[in-house]
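Residue numbers (my numbering): 60 to 130.
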């Protein structure tokens with residue numbers, strides 16, 4: 060796959076990931092956290108706020124993967 064196409068697909072995947080992830084995190088927070096103590100809400104938002112980095116990093120690593128040489 061050409062690098063430009065891989066980067067384009069990766070960019071689309073990152074945008075979709077961030078939108079879907081934010082929506083799911085928001086829905087879970089609204090359903091589960093309204094009555095939770097303040098420290099639990101803070102812990103949730105810290106963990107969820109940083110957890111998206113791992114799948115995004117995998118997408119970025121895939122985008123940067125060098126093209127395999129053809130023999």
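A virtual CB, placed ideally from N, CA and C, is assigned to each residue, including glycine.
I believe residue i touches residue j by the beta-carbon criterion, under 8 Å. Please report the beta-carbon distance rounded to the nearest angstrom.
i           : j           : result
residue 77  : residue 111 : 7 Å
residue 126 : residue 62  : 6 Å
residue 122 : residue 65  : 6 Å
Would you mind stating whether residue i and residue j have Cβ atoms separated by less than 8 Å?
i           : j          : result
residue 118 : residue 88 : no
residue 80  : residue 92 : no
Thinking just about the alpha-carbon of each residue, which of the options is nearest to the one in residue i?
i          : options       : result
residue 74 : 126, 121, 115 : 115
residue 70 : 129, 130, 120 : 120
residue 86 : 107, 97, 96   : 107
TODO: Entirely within the region 71-109 and at least 3 residues each: give me those beta strand (DSSP E) ranges in chain order.
DONE: none
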